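Undergrad:
Residue numbers (the numbering used here), protein chains in the order written: chain A, 14 to 218; chain B, 14 to 218.
1. By alpha-carbon positions, which one of A:51, A:61 and A:116 ends up nearest to residue 84 of chain A?
2. Any idea what DSSP makes of residue 123 of chain B, helix, strand or coil?
3. Given that residue 112 of chain A touches chain B, what residues does it touch there, using C-beta distances under 7 Å?
4. Within this structure, are the beta carbons of residue 213 of chain B and residue 125 of chain B separated by less than 8 Å?
5. Counting C-beta neighbours from all protein chains within 10 Å, is the total for residue 219 of chain B 16 or more, i.e. buried, or is it exposed?
6. What's the call for residue 43 of chain B, buried or exposed, on a 16-neighbour Cβ count within 10 Å?
7. Can you list, in chain order, the residues of the segment 133-164 of chain A whose Cβ is nearer than 9 Å to any Cβ on chain B?
8. Grouping DSSP H, G and I as helix and E and B as strand, with all else coil, what is residue 210 of chain A?
9. Within the same chain, show all residues whose beta-carbon is closer than 7 Å to that of residue 45 of chain A, passing over the 5 residues directly before and after it, in chain order.
10. Between which two residues does the alpha helix (DSSP H) holding residue 174 of chain A run?
11. Does the Cβ of residue 196 of chain B have 16 or more other Cβ atoms within 10 Å, making it buried, or fewer, making it exposed?
12. Within 10 Å of its beta-carbon, does residue 133 of chain A have 16 or more other beta-carbons around it, so buried, or fewer, so exposed?
13. Count the other CB atoms, across all protein chains shown, that sit within 10 Å of the CB of residue 103 of chain A; report buried if there are 16 or more and exposed otherwise.
14. Taking the alpha helix (DSSP H) that residue 91 of chain B falls in, what are its first and last residues?
15. Looking at the C-beta of residue 109 of chain B, does it have a partner C-beta in chain A at a distance below 8 Å?
16. Hey, how far is the Cα of residue 201 of chain B from the Cα of residue 216 of chain A?
17. Does the CB of residue 170 of chain B have a neighbour CB from chain A at under 8 Å?
18. Pick from B:198, B:173, B:182 and B:208: whose alpha carbon is nearest that of residue 191 of chain A?
19. Within 10 angstroms of its Cβ, does residue 178 of chain B collect 16 or more other Cβ (buried), or is it exposed?
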């Protein structure tokens, strides 16, 4: 049973019905992206999952890149996540970043979209490039801006490398014991490593 | 122009001719895997690239999983790589692991196959499962065995998380400045973080 496309009009559709349809398309897109990856997923398959006309998917989200942005940004809210962690003394930033990342990814709503995003960022193609830029802009630059160091960009990237590595082992490869380690223990183990990258003094520097 | 399949016989083929064909198939497989990923690549397409009959590919390598193992293990030699790094005092192990990983991945012969392997390990399917097991067995267990700690498995996994994160940022996402950082500087920056995971004393432990 598919839903007919409404007359095309500028701006967001109004009313509870439209909101439901939009949410249903988003949920279907999250599933499709999670199973097939962003590059392989099609607007047609998303429409089929949501039980709506493909033109309706385009009506709400224009194209696949817009849909990807919504699926990744809305549940993950990387800007808020990083902003929250940055708020506080610099010497606890490593711990706060690990806690923020782990808390977000542990959530059942965020995880499928986030894993799909990571898989796609690693791939090739336009969506992959978009996700990489997003990572740089939303995560690394924000952290770098916060550091009062001449090598702030390098430090932020290396801190991100540790965070990405933990995400890979815990959520993508799902290796035990890291996959089931309680958040507090993970923070105690990985926070100092992230902190080292942010504010440590490497030999010869 | 395709090469005819020789009579099927047990064991490895002998002679320079066979060696060339085998090497040509391996080179073609590395290219195909690099471009399409291990899951999407087909034995038929590899045969086409190598200019040989598909049956010849099966003759030398049985199935795709065997071919993947050769493409990943032969250039990367993860067992030698880890064994080399393990040889020496424990307090320099972090530095040696970073140096071994970066030196291997910086090599132009290793990199395409290694990036393809990482992309596939992150994916879903039988090859992905095989690569994950390989990572656990060849890398993490060997490091864990070397540590005289009750939480050796966890420490080895967290050390691997930092190494995987650096590989992601430097070779897969190719973010600057990490992508172009000289090896010595990368060792000085990341070695202490890996060492922390191996032998550090986290708060409350």
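Glycine included, C-beta positions come from ideal geometry on N, C-alpha and C. Note that the coordinates shown come from a computational prediction; the quantities given were computed from them, not determined experimentally.
TA: According to the structure data:
1. Mapped onto the first chain, residue 84 of chain A falls at position 71. Cα-wise, what sits closest to residue 84 of chain A is A:51.
2. What you label residue 123 of chain B is simply residue 110 of the second chain in a count that begins at 1. Note: residue 123 of chain B maps to coil in three-state DSSP.
3. The residue you call residue 112 of chain A lines up with position 99 of the first chain. The premise fails here: residue 112 of chain A is roughly 14 Å from chain B at the closest Cβ pair, so nothing lies under 7 Å.
4. If you number the second chain from 1, residue 213 of chain B lands on position 200. If you number the second chain from 1, residue 125 of chain B lands on position 112. For residue 213 of chain B and residue 125 of chain B, no; Cβs fall outside 8 Å.
5. The requested residue 219 of chain B does not occur in the structure, where chain B is confined to residues 14 to 218.
6. Here the question's residue 43 of chain B lines up with position 30 in the second chain. The residue is buried, with at least 16 neighbouring Cβ atoms inside 10 Å.
7. 134, 135, 136, 137, 145, 148, 149, 153 and 164
8. Taking the first chain and counting its residues from 1, one reaches residue 210 of chain A at position 197. Residue 210 of chain A falls in the helix class under three-state DSSP.
9. The count along the first chain starts at 1 and reaches residue 45 of chain A at position 32. Counting only Cβ-Cβ distances below 7 Å, and skipping sequence neighbours, we find 54, 58, 59 and 62.
10. Within the first chain, residue 174 of chain A is the residue found at index 161, counting from 1. Residues 165-180.
11. Taking the first residue of the second chain as 1, we reach residue 196 of chain B at position 183. Counting Cβ neighbours within 10 Å, residue 196 of chain B comes out exposed, since fewer than 16 surround it.
12. For this step, residue 133 of chain A is matched to residue 120 along the first chain. Residue 133 of chain A is buried by the Cβ-count criterion.
13. Mapped onto the first chain, residue 103 of chain A falls at position 90. Residue 103 of chain A comes out exposed.
14. Within the second chain, residue 91 of chain B is the residue found at index 78, counting from 1. Its alpha helix (DSSP H) spans residues 91-99.
15. Numbered from 1 along the second chain, position 96 holds the residue referred to as residue 109 of chain B. Output row for residue 109 of chain B: interface = no.
16. Residue mapping note: residue 201 of chain B aligns to position 188 of the second chain, counting from 1. Residue mapping note: residue 216 of chain A aligns to position 203 of the first chain, counting from 1. Spanning the two alpha carbons is a distance of roughly 6 Å.
17. Position 157 of the second chain holds residue 170 of chain B. It does; some Cβ of chain A falls within 8 Å.
18. On the first chain, residue 191 of chain A is found 178 positions in, with the first residue counted as 1. The option with the nearest alpha carbon to residue 191 of chain A is B:173.
19. As a working mapping, residue 178 of chain B is identified with position 165 in the second chain. Buried.
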